[in-house]
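Be aware that the sequence shown starts at 4, since it is given in the numbering used here, and climbs by one per residue.
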Amino acid sequence: MKISEVAVALTDHYRSYKKANGGHKTAPEGKYGFVSIQYKVTEPDGTVHGPFLGRGSALVAFRNEVKLKGKPVAGVKFLVENIFKPKGETATVVRDVTTFEMTGGKAAKPVKTEQEKIVEALVKSKGVKVRAAEALGMSADVLRNRIKKYNIQVEARA
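Below, the structure is given as structure tokens:
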């Protein structure tokens with residue numbers, strides 16, 4: 004797989020993130036802190052490189068730590084984490100993760116986020132939360148909590 008294919012996938016994700024945040028990578032979230040994104044590279048053996056604040060740094064780490072060392076590229080994952088950094092604290096809270104996984108010789112394919120899976124299940128179940136929860140393999144209570152967490156709008160049934 005070529006690094007350029009991964010770069011395109013990461014760039015597309017970055018552009019959609021910026022568009023959703025009014026054209027900014029980092030956005031204030033009231034007086035409590037800010038939201039941003041960070042990147043990590045995970046090898047199949049569990050080794051994690053990062054976090055990186057830019058796509059280019061993650062790609063360089065992949066090239067230097069995986070490709071140039073002759074390690075297999077199949078199964079390498081690029082994680083894009085949507086983070087919240089509270090004001091005055093050093094720790095960050097990961098809110099959502101989008102994964103791009105390397106497949107032997109093919110382009111990186113985006114793996115659906117939990118939020119996307121929930122929305123898809125709700126559409127397929129026509130808004131019936133119990134059926135959507137069954138399809139997702141979770142309880143209806145957990146689904147309701149995730150809907151609230153991600154602020155997903157559920158259409159009222161007729």
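Ideal placement from N, C-alpha and C gives every residue a C-beta, glycine not left out.
| Item | Value |
| --- | --- |
| Beta-carbon proximity check, residue 3 vs residue 66, cutoff 9 Å | One cannot answer for residue 3 here, as it falls past the ends of the chain, which runs 4 to 161. |
| Residue 27, buried or exposed, once every other Cβ within 10 Å from all chains shown has been counted against 16 | exposed |
| Where the beta strand (DSSP E) containing residue 85 begins and where it ends | 80-89 |
| Beta-carbon proximity of residue 31 to residue 41, cut-off 9 Å | no |
| Environment of residue 82 [buried if 16+ CB atoms lie within 10 Å] | buried |
| Rounded separation between residue 88 and residue 79 - CA only | 27 Å |
| Secondary structure of residue 16, DSSP reduced to three states | helix |
| Beta bridge counterpart(s) of residue 36 as assigned by DSSP | 89 |
| Bridge partner(s) assigned by DSSP for residue 31 | 37 |
| Where the beta strand (DSSP E) containing residue 53 begins and where it ends | 51-55 |
| Inside the stretch 95-159 only - beta strand (DSSP E) runs reaching at least 3 residues | 96-106, 109-114 |
| Presumed contact (8 Å Cβ cut-off) between residue 16 and residue 101, rounded CB distance | 6 Å |
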